[in-house]
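This report refers to the structure that appears directly beneath it.
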Amino acid sequence: MHASLTGRRRVGLALLTSAALAAASVTAVTVAPASAAASATVTVNTGTSLGTIPAAGHGVNVAVYDGNMNSSPISGLLRDAGFTAVRYPGGSYGDIYHWKTHTAEGGYVAPGTDFDTYVSTVRSAGAQPVIIANYGTGTAQEAADWVRYANVTKGYGVKYWEIGNEVYGNGHYGSGWEQDNHADKSPKAYANNVLQYISAMKAVDSSIKVGVVLTTPGGWPDGIVGSGDSADWNNTVMSIVKDKADFVIVHWYPGATSAADSLGKVSQISTITSTVRSLISKYAGSRASSIGISVTELNPSYQLTTATAALFATDSYLTWFENGAMNLDWWNLHNGTSQGPATGDDGTPDYHDEGILSSGASGEPAVNTPLPPYYGLAMVGKAGSPGDTLIRASSSSSLLAAHALRTSGGVNVVLVNKDLNNSTTVSLSYSGFSPGGAATVVQWRKGATSISTSSAPSATSITLPPYSITVLKASGGGTASPSPSASPSPSPSASPSRTPSSSPSPSPSRTPSPSPTPGGSGCSATYKVVNSWPGGFQADVTVTNTRTTAISGWTVGWSYRNGQTISSSWNATVSQSGAAVTAKNVSYNGSLAAGASTSFGFTANGAGDVPAPISCTIG
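For the sequence shown, the residue numbers in the UniProt record's numbering are 1 to 619.
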């Protein structure tokens with residue numbers, strides 16, 4: 001949507017009104033009356049797989065009108081929350097923003113929000129860019145030039161590109177909030193122009209992934225056939241684009257009438273994804289399974305700075321991942337407010353602000369203060385990392401949402417207590433896994449201004465505070481290996497790179513063992529393949545200072561044996577000459593104290609075998 005620091009224009013918000021989504025929404029949570037305590041049981045089945053956490057799944061939006069988007073605390077706040085994707089240049093601004101001149105037609109562009117500064121912030125956070133190519137006032141050539149600058153001139157390796165924002169809001173169906181200077185504003189015109197964008201952009205860099213804009217199933221204008229059209233937006237666009245796009249884009253702003261209703265909207269997600277997946281299958285032929293689904297804008301659009309929004313954030317992100325979404329980008333990092341504070345249904349402040357960090361507006365906390373949805377999203381980052389396997393968890397209570405992940409260290413169970421008044425004692429059972437010893441408890445509760453970490457005697461019982469989010473981390477072993485479950489179908493876009501992608505592997509595999517290098521040179525490097533898919537893989541390299549004194553720079557090198565080629569990287573400057581690869585530290589991770597470590601990662605084409613030897617030198 002179009003957004004500004006004085007509020008968002010809400011014309012055309014996706015009010016989910018279709019019969020299917022209305023039916024899905026009737027399961028809204030009800031708040032139980034106060035009592036001493038509630039109880040529930042959770043069953044975790046480690047022998048099922050609902051896919052993996054996507055490499056660029058955990059995202060947030062930033063906007064060029066936000067003068068604080070690149071301020072000094074931001075990269076740390078993004079990193080601490082585990083964000084792996086940051087979308088730019090900001091909703092409907094994507095259709096008026098010209099990257100070469102850093103201007104927006106009819107809009108405001110704040111100083112220090114240019115593309116290069118944005119990329120620097122995103123890289124420092126360990127995330128990857130998600131870019132909206134200007135469709136409304138731009139051209140295919142302008143977009144292709146942006147790809148060339150980003151990936152050829154600067155070597156940023158930006159993979160994830162959208163063609164426009166909410167282009168269906170261009171006035172073709174009556175309501176118009178999205179700028180579109182094309183004489184023909186029909187879905188047919190958009191689709192044919194998208195093909196030109198894809199051709200021009202991929203001529204510059206064939207490895208990029210390009211997305212096409214769809215309407216959210218059940219949201220306006222889904223199902224409407226415009227004047228002169230033979231079908232609605234989605235069917236018209238997909239019948240022309242077919243298999244040429246790498247992913248499709250929807251936005252999700254469900255709205256609500258109460259806090260309880262807001263927390264129940266998560267039930268819409270499976271209906272939305274299955275409807276979009278059916279649409280892709282209808283038109284994309286044999287490539288349908290490799291086309292991802294991205295939700296590049298979402299929030300509950302209801303009392304957005306309350307604790308309810310935090311619970312919604314955790315529950316909805318993990319549910320989207322379980323239903324195969326490849327990328328989720330919360331709206332917004334900062335958004336501002338033009339209204340005074342109020343009190344939400346749950347008793348916490350509602351600043352009428354769609355930011356996860358305060359903009360410092362009148363009545364708000366100091367600028368960059370984390371608001372509750374920041375903590376809800378940060379708990380998603382605490383739940384698991386890209387490549388971790390989502391496994392099935394079921395709860396006996398409608399007031400307790402449960403999710404689970406299999407990690408390299410054991411099983412993490414995410415428990416969202418939606419009971420506003422009561423603590424809940426939860427008994428947990430595990431199939432195919434035996435939790436051992438004490439468990440780690442990571443928790444945020446209503447009113448908290450930080451996330452706490454503590455220990456519990458076991459991972460089989462825990463009492464949850466009212467209105468809280470908990471990650472219970474259990475170590476141990478098991479006999480069952482996760483196997484694909486019949487439903488839902490994981491998105492093929494869970495691409496194993498820190499760059500947004502729609503790689504054709506629904507379940508990236510974790511294969512070769514780490515390959516360490518001796519530390520006699522003053523540093524050591526351990527190379528580990530963390531994900532792989534047909535034709536490519538993702539690897540992480542950990543660099544450790546083996547000296548007894550600090551070092552100020554490092555270089556890691558290796559040679560591939562089977563023609564592998566680096567496609568993108570982060571947290572290091574990586575170059576390749578033939579089979580030889582060299583990785584040098586970047587400005588923020590070259591200095592290492594004695595015994596300290598840092599890491600960098602990359603994606604590559606070819607087989608994911610581990611090269612040897614791996615060299616590490618100082619300087």
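Each residue gets a CB set at the ideal place from its N, CA and C atoms; glycine is no exception.
Just so you know, these numbers come straight off a predicted model, no measurement behind them.
With L328 and L298 assumed to form a contact (beta carbons below 8 Å), what rounded beta-carbon distance in angstroms separates them?
-> On the sequence shown, position 328 is the one that residue 328 refers to. On the sequence shown, position 298 is the one that residue 298 refers to. Between L298 and L328 the Cβ distance is about 6 Å, and since that is below 8 Å, they are a contact.
Exposed or buried, which one is P386 when buried takes at least 16 other CB atoms within 10 Å?
-> On the sequence shown, position 386 is the one that residue 386 refers to. P386 is buried by the Cβ-count criterion.
CA-to-CA distance, T617 to G522, given in whole angstroms | Numbered from 1 along the sequence shown, position 522 holds the residue referred to as residue 522. Numbered from 1 along the sequence shown, position 617 holds the residue referred to as residue 617. The straight-line gap from Cα to Cα measures roughly 7 Å.
Can you say whether K154 is buried or exposed, counting buried as having 16 or more other CB atoms within 10 angstroms of its CB?
-> Position 154 of the sequence shown, counting from 1, holds the residue named residue 154. By the 10 Å Cβ count, K154 comes out exposed.
Where does I240 sit, in a helix, a strand or coil, going by DSSP?
-> For the purposes of this step, residue 240 is identified with residue 240 of the sequence shown, where counting begins at 1. In this structure, I240 counts as helix in the three-state DSSP scheme.
What's the call for R123, buried or exposed, on a 16-neighbour Cβ count within 10 Å?
-> One-based indexing of the sequence shown puts residue 123 at position 123. Flag for R123 reads buried.
Extent of the continuous beta strand (DSSP E) to which T582 belongs = Counting from 1 along the sequence shown, the entry for residue 582 is found at position 582. Here the beta strand (DSSP E) through T582 covers A580 to K584.
Report the three-state DSSP secondary structure of A604 (helix, strand or coil).
-> The count along the sequence shown starts at 1 and reaches residue 604 at position 604. Note: A604 maps to strand in three-state DSSP.
Just confirm the distance between the C-beta atoms of I208 and K159, as a whole number of angstroms; I'd bet it's less than 8 Å.
-> Against the sequence shown, residue 208 aligns to sequence position 208. Against the sequence shown, residue 159 aligns to sequence position 159. Right, the Cβ-Cβ distance comes to about 5 Å (below 8 Å), so this counts as a contact.
Using alpha carbons as the reference points, say which of F115, S120 and G126 lies closest to I132.
-> One-based indexing of the sequence shown puts residue 132 at position 132. Measuring from the Cα of I132, the nearest candidate turns out to be F115.
What does a CB cutoff of less than 6 Å around T43 pick up in its chain, not counting 5 residues either side in sequence?
-> Indexing the sequence shown from 1 puts residue 43 at position 43. Correct list, in chain order: S394 and S429.
Close beta carbons around L195, own chain, < 8 Å, minus the five adjacent residues each side = Position 195 of the sequence shown, counted from the first residue, corresponds to residue 195. I240, V241 and K244.
Which residues does DSSP pair with L390 in a beta bridge?
-> Here residue 390 refers to the residue found at position 390 of the sequence shown. According to DSSP, which records beta bridges pairwise, L390 is partnered with L405.
For N70, I'd like the list of residues in its chain whose CB is within less than 8 Å of its CB, leaving aside the five on either flank, ordered along the chain.
-> Position 70 of the sequence shown, counted from the first residue, corresponds to residue 70. Within the same chain, N70 has close Cβ partners G112, T113, T117, Y118, S120 and T121.
If we ignore side chains and look at the alpha-carbon of each, how far apart do A307 and N192 end up?
-> On the sequence shown, residue 307 is found 307 positions in, with the first residue counted as 1. On the sequence shown, residue 192 is found 192 positions in, with the first residue counted as 1. Approximately 44 Å, taken between the alpha carbons.
By how many angstroms is the C-alpha of S567 removed from the C-alpha of S495?
-> Position 495 of the sequence shown, counted from the start, is the residue given in the question as residue 495. Position 567 of the sequence shown, counted from the start, is the residue given in the question as residue 567. Since pLDDT at S495 reaches only 33, below the 50 mark, its modelled position is unreliable, and the value read off the structure follows with that caveat. Whole-angstrom Cα-Cα distance: 13 Å.
Can you tell which of A55, V147 and S524 has the C-alpha that lies nearest to the C-alpha of G557?
-> Here residue 557 refers to the residue found at position 557 of the sequence shown. Taking only the C-alpha atoms, the option nearest G557 is S524.
With DSSP as the reference, label V441 as helix, strand or coil.
-> Residue numbering aside, residue 441 sits at position 441 when the sequence shown is read from its first letter. Strand.
Please confirm whether residue 698 and A284 have their CB atoms less than 7 Å apart.
-> With the chain running from 1 to 619 in the structure shown, residue 698 is simply not present.
Separation of T337 from T101, as counted between CA atoms = Taking the sequence shown and counting its residues from 1, one reaches residue 101 at position 101. Taking the sequence shown and counting its residues from 1, one reaches residue 337 at position 337. Their Cα atoms are separated by approximately 28 Å.
Locate the beta strand (DSSP E) running through L298, then write down its first and last residues.
-> Here residue 298 corresponds to residue number 298 of the sequence shown, with the count starting at 1. Taken as a continuous stretch (DSSP letters only), the beta strand (DSSP E) holding L298 covers G292 to L298.
Could you spell out the range, first to last residue, of the beta strand (DSSP E) harbouring L428?
-> In the sequence shown, the residue the question calls residue 428 occupies position 428. Element bounds for L428: T424 to S431.
Minimum C-alpha distance to V380 - residue among N545, Q443 and Q576 | Start at 1 with the first residue of the sequence shown, and residue 380 comes out as number 380. It is Q443.
Is K209 helix, strand or coil when you go by DSSP?
-> Here the question's residue 209 lines up with position 209 in the sequence shown. K209: strand per DSSP, three-state reduction.
Out of curiosity, what's the CA-to-CA distance linking T48 and S227?
-> The count along the sequence shown starts at 1 and reaches residue 48 at position 48. The count along the sequence shown starts at 1 and reaches residue 227 at position 227. Rounded to the nearest angstrom, the two C-alpha atoms are 47 Å apart.
Could you check what DSSP says for D609 in three-state terms: helix, strand or coil?
-> Indexing the sequence shown from 1 puts residue 609 at position 609. Reduced to three states, the DSSP call for D609 is coil.
How close, in whole Å, do the beta carbons of V109 and V64 come, if the pair is a contact with beta carbons under 8 Å?
-> As a position in the sequence shown, residue 109 is number 109, starting the count at 1. As a position in the sequence shown, residue 64 is number 64, starting the count at 1. About 5 Å separates the two Cβ atoms, so the contact holds.
Residues near E166 in its chain [Cβ-Cβ closer than 6 Å; skip 5 each side] = On the sequence shown, residue 166 is found 166 positions in, with the first residue counted as 1. So the qualifying residues of the chain are E178.
Is there contact here, the segment 168 to 178 with the segment 138 to 157, by at least three beta-carbon pairs under 8 Å?
-> no
Nearest-angstrom Cα separation, counted from I391 out to H403 = Taking the sequence shown and counting its residues from 1, one reaches residue 403 at position 403. Taking the sequence shown and counting its residues from 1, one reaches residue 391 at position 391. One C-alpha to the other measures close to 7 Å.
Taking C-beta to C-beta, are T582 and S575 nearer than 7 Å?
-> One-based indexing of the sequence shown puts residue 582 at position 582. One-based indexing of the sequence shown puts residue 575 at position 575. Contact flag set, yes.
Can a CB atom of chain B be found closer than 7 Å to the CB of W177?
-> Among the protein chains of the structure shown there is no chain B, as only one such chain exists.
Taking one C-beta from the segment 595 to 613 and one from the segment 534 to 546 each time, how about it: are there three or more such pairs within less than 8 Å?
-> yes
Beta strand (DSSP E) containing E178: first to last residue?
-> As a first step, residue 178 must be located in the sequence shown, where it is residue number 178. Premise fails: E178 is in no beta strand (DSSP E) and is neither H nor E.
Could you give the distance in angstroms between the alpha-carbon of N181 and the alpha-carbon of T137?
-> In the sequence shown, the residue the question calls residue 181 occupies position 181. In the sequence shown, the residue the question calls residue 137 occupies position 137. Distance between the alpha carbons of N181 and T137: 6 Å.
Can you tell me the Cα-Cα spacing of L405 and S267, whole angstroms?
-> As a working note, residue 405 is residue 405 in the sequence shown. As a working note, residue 267 is residue 267 in the sequence shown. The straight-line gap from Cα to Cα measures roughly 20 Å.
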